[in-house]
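Residue numbers (UniProt numbering): 1 to 419.
Notes follow the structure.
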């Protein structure tokens, strides 16, 4: 009876083949109450929007029949038409989807699926105009209200061990000081600033990027002791420190040409500084030296011009010169803001607690960055700092990188994680 007993258990050994997508779609239509309601009406009369064929409901669209996808299967169809189709954008996903399928609210559901696709969030750039707005810093009507600082380099090491240029520019007059320094350490920054303060003035405000020398406790203590407001610009936002960026555009070619002639960039630095400070500046309508001292500085390399200039030069009232410069500054700032904002779209305001992806800025040499993720995260907004700047940290209990992260970002360098 052993063989009989074996046969009695044979029905417990099953060989199953997975249903095809078409079979699952057809079966799911029978479980969808909305589709069954349409089907019941189609069995009685014809409809301009739907058609019943072989027991299945289709949507009529421009002479084609599109399969009415039951709600249970919408996510699978969206995944097939977006995730498995190269993660294309909303329009291309819609076009591919509507070749064969339809379901209620299809456009919004496609948008929502693409918007919350983690692959797209990580690898795709922000489409359309960059979300950004220009916020001007008031320049006032006198020198040393605001100064901008930064480091330029590293450059070729000089015989005295210098590798960097510490740059200081007065926001109102555009007067520049360039110091050759050995490093970007905080102690060296403080030494050069103290030297600057002794020769000129202690400013009310300092604008810098987020180099470690400018964010250290030692530097924060230094600005507090001198009662200076310290504004740190958002990472990856060069427009926020545009004064320095503008000087660098002049500094690079000038220093390159003069360094070739002298074989030493440090020796050429004074000539470059003099040239910048005595050149006409469009934003003020005058040279930095005139706005600071009331006169153009004499050029040691051109004594004849100095002699003729001293006799011919008519000294204008310094207060009047600065008043004109203030007016010129304000007009140019308004123009620059108008032109900048026209090319960008207003940034969406974010809220404390929002989870964000931030631009993945990898400066590791020798690595091809074309296929790297464009964004990394998520991170959490902890504080809004005004002027479209946000303080961002790791989400509690979740580290994206081995080193805990905190920093300031602006809208053009981040986007929502999930919506």
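Virtual Cβ for every residue (Gly too), placed ideally from N, Cα, C.
Straight-line Cα distance separating residue j from residue i
| i | j | result |
| --- | --- | --- |
| residue 320 | residue 333 | 20 Å |
| residue 312 | residue 254 | The predicted position of residue 312 is uncertain, since its pLDDT is 47 and thus under 50; no value can be drawn from it. |
| residue 177 | residue 413 | 31 Å |
| residue 193 | residue 418 | 45 Å |
| residue 89 | residue 384 | 31 Å |
| residue 168 | residue 148 | 6 Å |
| residue 374 | residue 46 | 51 Å |
| residue 415 | residue 241 | 22 Å |
| residue 34 | residue 72 | 12 Å |
| residue 42 | residue 78 | 27 Å |
| residue 166 | residue 184 | 8 Å |
| residue 221 | residue 391 | 21 Å |
| residue 158 | residue 187 | 20 Å |
| residue 50 | residue 388 | 49 Å |
| residue 257 | residue 250 | 11 Å |
| residue 152 | residue 189 | 13 Å |
Whole-number beta carbon distance between residue j and residue i, since they are thought to touch under 8 Å
| i | j | result |
| --- | --- | --- |
| residue 393 | residue 380 | 6 Å |
| residue 318 | residue 180 | Residue 318 to residue 180, Cβ: 31 Å. No contact. |
| residue 281 | residue 287 | 6 Å |
| residue 150 | residue 209 | 6 Å |
| residue 130 | residue 103 | Their Cβ separation, rounded to whole angstroms, is 34 Å, which puts residue 130 and residue 103 out of contact at 8 Å. |
Top-ranked residue by Cα proximity to residue i, from the options
| i | options | result |
| --- | --- | --- |
| residue 124 | 29, 49, 372, 391 | 372 |
| residue 344 | 22, 61, 126 | 126 |
| residue 99 | 116, 108, 136, 81 | 81 |
| residue 327 | 285, 410, 346, 339 | 285 |
| residue 294 | 32, 322, 271 | 322 |
| residue 407 | 235, 115, 109 | 235 |
| residue 291 | 142, 244, 225 | 142 |
| residue 164 | 22, 129, 111, 252 | 252 |
| residue 101 | 115, 113, 46, 60 | 60 |
| residue 405 | 75, 358, 86, 223 | 358 |
| residue 361 | 48, 106, 40, 122 | 122 |
Where residue i sits in the DSSP three-state scheme
| i | result |
| --- | --- |
| residue 60 | strand |
| residue 422 | With the chain represented from 1 up to 419, any question about residue 422 goes unanswered, as that position is not in the structure. |
| residue 403 | coil |
| residue 195 | helix |
| residue 229 | strand |
| residue 208 | strand |
| residue 174 | coil |
| residue 131 | strand |
| residue 86 | coil |
| residue 413 | helix |
| residue 338 | helix |
| residue 361 | coil |
Would you check if there are 3 or more beta carbon pairs closer than 8 Å linking the segment 222-233 to the segment 162-172? no
Between the segment 91-99 and the segment 343-360, do at least 3 Cβ pairs fall closer than 8 Å? no
Between the segment 133-150 and the segment 193-211, do at least 3 Cβ pairs fall closer than 8 Å? yes
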